[in-house]
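Novice: Before we start, here is the structure in question, set down as structure tokens.
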Amino acid sequence: MRSTASILHLDLDAFFAAVEQRDKPSLRGKPVIVGGTGGRGVVSTASYEARKYGVGSAMSGREARARCPHAAFLSGRFHAYRATSKLVMQALRDLSPLVEPLSLDEAFVDLAAADLPDLEVDTVTAAGAELRRRVQEVTGGLTATVGIASSKFLAKVASELDKPDGMTVVPPGTELDLLRPMKVKVIPGVGPATAERLRRAGIHTVAELEAVTEDELVRLLGQAQGHGLWQLARAQDSRPVVAEREAKSISVEGTYDSDLTDRRLMEGLLTRQAREVGTRMRKNGHSGRTITIKVRLHDFTTLSRSSTLTSPTDDGATIARIARSLLADLDTTGGVRLLGVGVSGLADWVQEDLFGADAEDEEVEVVLPEPPRRTWPPGADVVHDELGAGWVWGSGAGVVTVRFETADTPPGPVRSFRADDPALRRFEPPPED
1 MRSTASILHL DLDAFFAAVE QRDKPSLRGK PVIVGGTGGR GVVSTASYEA RKYGVGSAMS
61 GREARARCPH AAFLSGRFHA YRATSKLVMQ ALRDLSPLVE PLSLDEAFVD LAAADLPDLE
121 VDTVTAAGAE LRRRVQEVTG GLTATVGIAS SKFLAKVASE LDKPDGMTVV PPGTELDLLR
181 PMKVKVIPGV GPATAERLRR AGIHTVAELE AVTEDELVRL LGQAQGHGLW QLARAQDSRP
241 VVAEREAKSI SVEGTYDSDL TDRRLMEGLL TRQAREVGTR MRKNGHSGRT ITIKVRLHDF
301 TTLSRSSTLT SPTDDGATIA RIARSLLADL DTTGGVRLLG VGVSGLADWV QEDLFGADAE
361 DEEVEVVLPE PPRRTWPPGA DVVHDELGAG WVWGSGAGVV TVRFETADTP PGPVRSFRAD
421 DPALRRFEPP PED
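So that you can map any letter, position 76 of the sequence shown is 76 in full-length UniProt numbering, and since no number is skipped, the others follow by simple counting.
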């Protein structure tokens, strides 16, 4: 562990929902739920106003509606989330060249690589406060919670203590004082099953876990997990902040304007993606054993299926064949909005002729259907020829209702149109770099 509190963890508060509230003034201060819009959908993010009613991530949309029926349920706008995330990550890199993003809304920052006069508690506290101010500035009002400590583990724990819009700095030497009273679930890797095994052994808090010998934990949980928990219970974590990670997988995915229902079309898209994955693998000198497909259904539910080969491959035809077989096991009758193929378990060698010399697939022609004009998911950005920019309030029975407002306007008026009104169209975000 470091002798200074020089690792910062930043976590944007209720990120997806916060972006929606920023861009939709009429929703500010009100419960907002991203995801869960379909019959089988699940909640991706809930605003803090919705969390007061017990709504949380991964909850079914049905349960979320029962708990908070007056919430705004939105389908999600990933172009807006990615664009906002880029602004935040750049603000972090302006502070330190060593930034390790974990997802769109959180990252570690190594303050030891920052241009700071020293790493005393007052100095890093001031740096954290200025970073939070800067994030709020570049994102147009979004808040972030920050934890600063002597290790990644402690920084992550600290960032959970003062949510939302807060900061906790753990002075060096006080790490165990902070950890000991906490429940064991605060430790990464302690999920419900592990927590139950520890509970049966009479272990509920980190202090009780600390009192158990390493041999006992290994017997209880196995070598890897037992050793890891023994270290973390003593606040021992020497993992560095890694700005550039070596690729653990290579993948390609696509999101489609209209839900896909044609199985042959999906197979063709997977085949095309698999070929691209194979090309990228060969270009980088990689091969891999585990082939995974990712499928996001019409209701926002995301599914994945994997298959592991006995030897690594970089052959697009082989990857495509496995991907198509994995798709066959999934029910896609309701429509698919995203498809992806990836290969993991990367190696630097390949088993030649894994499926014989005739493994190459025949050329597949892929023609995407024209996006139907009647696709109006709740929360989607739209533009009207006369009234300008707005978002879908709701739709059904051939009618779409739009609220005309943006992040830079006051709450706007609501108007309804025929779903096929030629003056109303979905907003198309600019292509990403």
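Ideal Cβ placement from N, Cα and C applies to all residues, glycine included.
#1: Which residue's Cα is closest to the Cα of D165: S47, V400, T145?
#2: Alpha helix (DSSP H) containing Y81: first to last residue?
#3: Out of curiosity, what's the CA-to-CA distance linking I291 and T143?
#4: Could you check if D162 is buried or exposed, using at least 16 other CB atoms within 10 Å of its CB as the buried criterion?
#5: Taking only the alpha-carbon atoms, compute the straight-line gap between L8 and I148 and give it to the nearest angstrom.
#6: For G334, which option in D299, R62, A91 has the closest C-alpha, if you only look at C-alpha atoms?
#7: For I187, does the three-state DSSP call read helix, strand or coil?
#8: Do you know offhand how far K185's Cα is from G191's?
#9: If you draw a straight line from the alpha carbon of V34 to that of V212, how long is it in whole angstroms?
#10: Just confirm the distance between the C-beta atoms of Y256 and R197, as a whole number of angstroms; I'd bet it's less than 8 Å.
#11: Going by DSSP in three states, P422 sits in which element: helix, strand or coil?
#12: What number of angstroms, rounded off, separates the C-alpha of H384 from the C-alpha of G412?
#13: Within the 8 Å Cβ cut-off, does R197 reach chain C?
#14: Quick one: does the C-beta of E428 sit closer than 7 Å to a heavy atom of the ligand FAD?
#15: Just to confirm, are P233 and E210 a CB contact at a threshold of 8 Å?
#16: Hey, quick one: how far does the beta strand (DSSP E) through Y256 stretch, first residue to last?
#17: In this structure, how does DSSP classify E386 when only helix, strand and coil are distinguished?
#18: Within 10 angstroms of its Cβ, does T271 collect 16 or more other Cβ (buried), or is it exposed?
#19: Among K24, S307, L220, whose alpha-carbon lies nearest the alpha-carbon of A193?
#20: Counting only the same chain and skipping the five closest in sequence on each side, list residues whose C-beta sits under 7 Å from that of M1.
#21: Let me confirm a value: H286 is counted as buried when at least 16 other C-beta atoms fall within 10 Å, else exposed. Which label applies?
#22: The beta strand (DSSP E) spanning H9 covers which residue range?
#23: Ordered along the chain, which non-local residues of its own chain (more than five positions away) have a Cβ less than 8 Å from that of L178?
#24: Rounded to whole angstroms, what's the CA-CA distance from A66 to P312? Just pull it up for me.
#25: Assuming I291 is part of the beta strand (DSSP E), what are its boundary residues?
#26: Counting pairs of Cβ atoms below 8 Å between the stretch 15-25 and the stretch 401-410, do you hit three or more?
#27: In the DSSP assignment, what residue or residues form a beta bridge with D381?
#28: Does the beta-carbon distance from L95 to A127 come in below 8 Å?
#29: For V341 and A317, which I take to be in contact (beta-carbon distance under 8 Å), what is that distance rounded to the nearest angstrom?
#30: Is V109 helix, strand or coil by DSSP?
#31: Taking just the CA atoms, how far does L346 sit from V218?
Specialist: Walking through what the data contain:
#1: T145
#2: 78-95
#3: 38 Å
#4: exposed
#5: 4 Å
#6: D299
#7: coil
#8: 7 Å
#9: 42 Å
#10: Incorrect: roughly 43 Å between the Cβ atoms, too far for contact.
#11: coil
#12: 14 Å
#13: Of the protein chains in this structure there is only one, and it is not chain C.
#14: Of ligands this structure carries none, so the ligand FAD is not represented either.
#15: Correcting the residue type first, residue 233 is Ala in the shown sequence and not Pro. Contact flag set, yes.
#16: 249-260
#17: coil
#18: buried
#19: L220
#20: S150, S151, A235, Q236, D237, S238
#21: buried
#22: 7-12
#23: L154, V157, A158, V170
#24: 48 Å
#25: 287-297
#26: yes
#27: W391
#28: yes
#29: Wrong, their Cβ atoms sit about 13 Å apart, outside the cutoff.
#30: strand
#31: 29 Å
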